[in-house]
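Notes for the one structure printed next.
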């Protein structure tokens, strides 16, 4: 295995994947919150999820 010189160690950045993961997690949480809010605040609604589960209210 080859050693990395000090100048290349200074150029390494490790924060990009962590930042991207955090942004994606926030987006998924926000999207889920909007979908749940719209489902439960509607006067009538129907939702089905994989596995045969269905929710319906009138």
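Numbering (my numbering), first residue to last: 1 to 58.
We treat Cβ as the ideally placed atom computed from N, Cα and C, and that holds for glycine.
Leaving aside the five residues before and after residue 18 along the sequence, list all residues of the same chain whose C-beta is less than 8 Å from its C-beta, in chain order.
Residue numbering aside, residue 18 sits at position 18 when the chain shown is read from its first letter. So no residue of the chain qualifies.
Where do the N-terminal and C-terminal ends of the alpha helix (DSSP H) with residue 21 fall, by residue?
Taking the first residue of the chain shown as position 1, residue 21 is located at position 21. Its alpha helix (DSSP H) spans residues 15-41.
Please return the same chain residues whose Cβ sits closer than 6 Å to the Cβ of residue 23, not counting the five positions on each side in sequence.
For the purposes of this step, residue 23 is taken as residue 23 along the chain shown, with counting starting at 1. Non-local beta-carbon contacts of residue 23 in its own chain, meaning distances under 6 Å to residues more than five positions away in sequence, are absent.
Taking the continuous alpha helix (DSSP H) assigned at residue 12, which residues delimit it?
The sequence position of residue 12 within the chain shown is 12, counting from 1. Careful: residue 12 lies outside any alpha helix (DSSP H) and carries neither H nor E.
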